[in-house]
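What follows is a set of notes on a single structure, which appears directly below.
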Amino acid sequence: MLERRTILETERLVLRELDQSNFAALCRILQDDETMRAYEGAFDVLGVDEVFSIIRDTNTASQNVACRNGMAPRCSFVKHYRGVDMPHSAYSITREEWDRLCP
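Residue numbers for the sequence shown follow our numbering, so the first one is 108 and each next one is one higher.
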């Protein structure tokens with residue numbers, strides 16, 4: 108059996124890489140209507156005018172994903188978590204911007 112690489116471990120959670128043994132469970136998740144209710148429809152299904160992504164300033168991978176999704180940085184702020192200041196940015200895209208990108 109292949110060893111699964113642990114990505115993150117806390118007292119209550121182990122996050123590990125997916126492997127082939129996860130395929131059936133992942134298929135069930137992706138076919139579940141409630142789980143996927145807003146997928147490919149962040150505006151039509153939810154009925155909102157703007158979608159936000161709050162991203163840590165050091166998380167360039169997520170910043171790049173937000174930009175590829177058409178989001179733009181709107182503002183920066185600091186979250187205080189357990190006595191630590193953590194700078195974040197708010198990225199967003201409006202319904203109008205999305206409609207121009209994906210007519």
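Yeah, the Cβ is synthetic: ideal placement off N, Cα and C, and Gly gets one too. Since the structure is predicted, the reported quantities are computational estimates derived from the model, not experimental observations.
Neighbourhood of residue i by C-beta distance below 7 Å, restricted to the same chain and skipping five residues each side
| i | result |
| --- | --- |
| W205 | F150, G177 |
Reference residue i, options the options, closest by Cα
| i | options | result |
| --- | --- | --- |
| D156 | P210, S199, L208 | S199 |
| R163 | L125, D192, L133 | D192 |
Rounded C-alpha distance that separates residue i from residue j
| i | j | result |
| --- | --- | --- |
| R175 | R119 | 33 Å |
| R111 | E203 | 43 Å |
DSSP bridge partner residues for residue i (one or two, in chain order)
| i | result |
| --- | --- |
| Y198 | S160, P180 |
| D151 | Answer is none; D151 lacks a bridge partner. |
| M193 | K186 |
Whole-Å CB distance - residue i paired with residue j, under 8 Å assumed
| i | j | result |
| --- | --- | --- |
| P180 | S196 | 5 Å |
6 Å CB neighbourhood of residue i in its chain, flanking five on each side removed
| i | result |
| --- | --- |
| I161 | H195, A197 |
Sequence-distant residues of the same chain with beta carbon closer than 8 Å to residue i, five excluded per side
| i | result |
| --- | --- |
| L73 | No answer is possible for residue 73: it lies beyond the span of the chain, which begins at 108 and ends at 210. |
| L125 | L133 |
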